[in-house]
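Q:
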Amino acid sequence: MTIPGTILWVEHDSKVLKGNPLKDPHSRLFPIYLPPSYTTHPNKQFPVIYLLAGHFGSGPAMLNWSPWGEGFADRMDRLIATKKMRDSIIVLPDCFTGYGGAQYMNSAAVGRYEDYLIQELVPWIDKHLRTIPGAATRGVTGKSSGAYGALMLAMKFPDIFGLSAWRSGDAYFDFCYRKDMPHLLVMLEPFGGSVKKFLADWQKKGHPLNNGYADAINILAMAACYTPNPKSPHGFDLPVDTQTGEWDERVWQKWLKYDPLNLVSINRSNLKKLKWIYLECGRSDEYGLLYGTRQLSQQLHTLKITHHYEEFDGGHRNTNHRYDHVLSLMSKKFP
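Counting with my numbering, you get residues 1304 to 1638 for the letters of the sequence shown.
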């Protein structure tokens, strides 16, 4: 019989998210998975893994029931019971925004989500739970936008996160974002190219994500993250003219400053400090993220930065089973 772990729900009142531009909640309710031994061994301390959700997702949503699928807590219980994974605390933050996410970064158009995680959440977890503090016992992982956040945070703060696992993250922006610009323009056309009117209509309709909305909102969210502009009517700049489709290379170059492919060499010394780096992507990824992930691995190899790279049969969706592999590997890298 498998002894279940505990899902601890925490409501955290953030100071850095107060007054954020989108008026999103600064008080966040999110789950934390505590392994069975957290209860049975009250003096034991544990390593911590921060699991970041993808765009349009959140930590609480990762606990949703899935038909014919294994729930998150059941998955953790099984991995720990079968000794495939070391007993670890798993934190599932809520960084959802009015645009569906924030890439786990600071943006004048969205909010200070990097500061929220680094300055507030990590210290809070270490203060209130029996963690083994330190980068060597603190990992971060995620899929898609969560993978982007996992690598960016570890790259920028190697003294906070010593282990990083990337699952099909956003890289090679010319490939993964640029192709969606025409789709965005089609969605804006009924509103005369007005982003503000489009967003107001989307909100009025209840935030649908079908019929082209998901791609359009995703691009707008990325613009809010990468090129915020308080002087713009909607708070950010787009790399394309919404009336003519003319490309704005000046804005696009600002986007590219956040492409992991343009950040690896700049952050070589920080990346070398990390204890473990993992990259993976499905060979059939619908967003073309395989090619950015391959290039990331090639760059790390060229710079002699040790990392583990894998490709698997599958696409971008329905890949939660990969957490069996990734979380097992990460937990076994803890001292």
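In this text, a Cβ means the ideal position worked out from N, Cα and C, and glycines have one as well.
Tell me the DSSP secondary structure of F1333 in three-state form.
A: Strand, per DSSP.
Q: Given this structure, state the Cα-to-Cα distance separating V1425 from P1396, to the nearest angstrom.
A: Whole-angstrom Cα-Cα distance: 10 Å.
Q: Measure the alpha-carbon distance for C1479 versus K1347 and round it to whole angstroms.
A: Answer to the nearest angstrom: the Cα atoms are 44 Å apart.
Q: Can you confirm whether the stretch 1417-1433 touches the stretch 1358-1366 when touching is taken to mean that 3 or more C-beta pairs between the two stretches lie within less than 8 Å?
A: No, the stretch 1358-1366 does not touch the stretch 1417-1433.
Q: Near T1596, which residues of its chain fall below 6 Å by C-beta distance, leaving aside the five closest residues on each side in sequence?
A: Once the five neighbours on either side are set aside, the close Cβ partners of T1596 are L1582, C1584.
Q: Could you have a look at N1623 and say whether DSSP puts it in helix, strand or coil?
A: Coil, per DSSP.
Q: Once the 5 residues before and after A1519 are set aside, which same chain residues still bring their CB inside 7 Å of it?
A: So the list reads H1486, L1487, M1490, once near-sequence residues are dropped.
Q: F1478 by DSSP, collapsed to three states: which one?
A: Helix.
Q: Where does A1468 sit, in a helix, a strand or coil, going by DSSP?
A: It is a strand residue.
Q: Tell me, please, whether the stretch 1540-1548 touches the stretch 1525-1532 by the rule of three or more beta-carbon pairs shorter than 8 Å.
A: Verdict: yes, contact present.
Q: Tell whether a beta-carbon distance below 8 Å holds between P1350 and L1454.
A: Contact: no.
Q: So with Cβ pairs under 8 Å, would you call L1454 a contact of chain D?
A: Protein chain content of the structure displayed is limited to a single chain, and chain D is not contained in it.
Q: Would you say K1636 and I1608 are within 8 Å of each other, going by their C-beta atoms?
A: Going by C-beta atoms, K1636 is not nearer than 8 Å to I1608.
Q: Quick one: what does DSSP say P1531 is sitting in, helix, strand or coil?
A: P1531: strand per DSSP, three-state reduction.
Q: Please determine, among I1310, W1312, D1327, the residue with the shortest C-alpha to C-alpha distance to K1318.
A: For K1318, the nearest C-alpha among the options comes from D1327.
Q: Roughly how many angstroms separate the alpha carbons of R1378 and L1456, rounded to a whole number?
A: So the alpha carbons of these two residues sit roughly 26 Å apart.
Q: What runs of the alpha helix (DSSP H), each 4 residues or longer, lie entirely inside the stretch 1562-1624?
A: Segments of the alpha helix (DSSP H) lying fully in the stretch 1562-1624: 1571-1576, 1592-1605.
Q: Given that a residue counts as buried once 16 or more other Cβ atoms are within 10 Å of its Cβ, and exposed if not, what is K1508?
A: By the neighbour-count rule (16 or more Cβ atoms within 10 Å), K1508 is not buried but exposed.
Q: Which residue from V1629, V1394, I1569, H1329 puts its Cα closest to that of I1335?
A: Answer by Cα proximity: V1394.
Q: What do you get for T1440, buried or exposed, if any count of 16 or more other CB atoms within 10 angstroms of its CB means buried?
A: So T1440 ends up on the buried side.
Q: Spatial neighbours of R1586 within its chain, please: CB distance less than 8 Å, with the 5 preceding and 5 following residues excluded, ordered by chain position.
A: The answer, listed in chain order, is L1593, E1614, F1615, D1616, G1617.
Q: Who are D1544's beta bridge partners in DSSP?
A: None, per the DSSP bridge assignment.
Q: Quick check on DSSP: helix, strand or coil for H1315?
A: DSSP places H1315 in strand when its eight states are reduced to three.
Q: Keeping to the same chain, check which residues put their C-beta closer than 6 Å to that of G1591; ignore five residues upstream and five downstream.
A: For G1591, where only same-chain residues beyond five positions count, the Cβ hits under 6 Å are F1478, C1479.
Q: Look up V1629 in the DSSP assignment and say whether it is helix, strand or coil.
A: Note: V1629 maps to helix in three-state DSSP.
Q: Taking K1499 as the reference, give the member of P1536, L1337, I1383 with the closest Cα.
A: Comparing Cα positions, the closest option is P1536.
Q: Report back the beta-carbon spacing between N1573 and M1458 to the nearest angstrom; my notes put them in contact at under 8 Å.
A: About 6 Å; that satisfies the 8 Å criterion.
Q: When we look at the beta-carbon of L1523 and count the other beta-carbons within 10 Å, is it buried (16 or more) or exposed?
A: The residue in question, L1523, is buried, as its Cβ has 16 or more Cβ neighbours within 10 Å.
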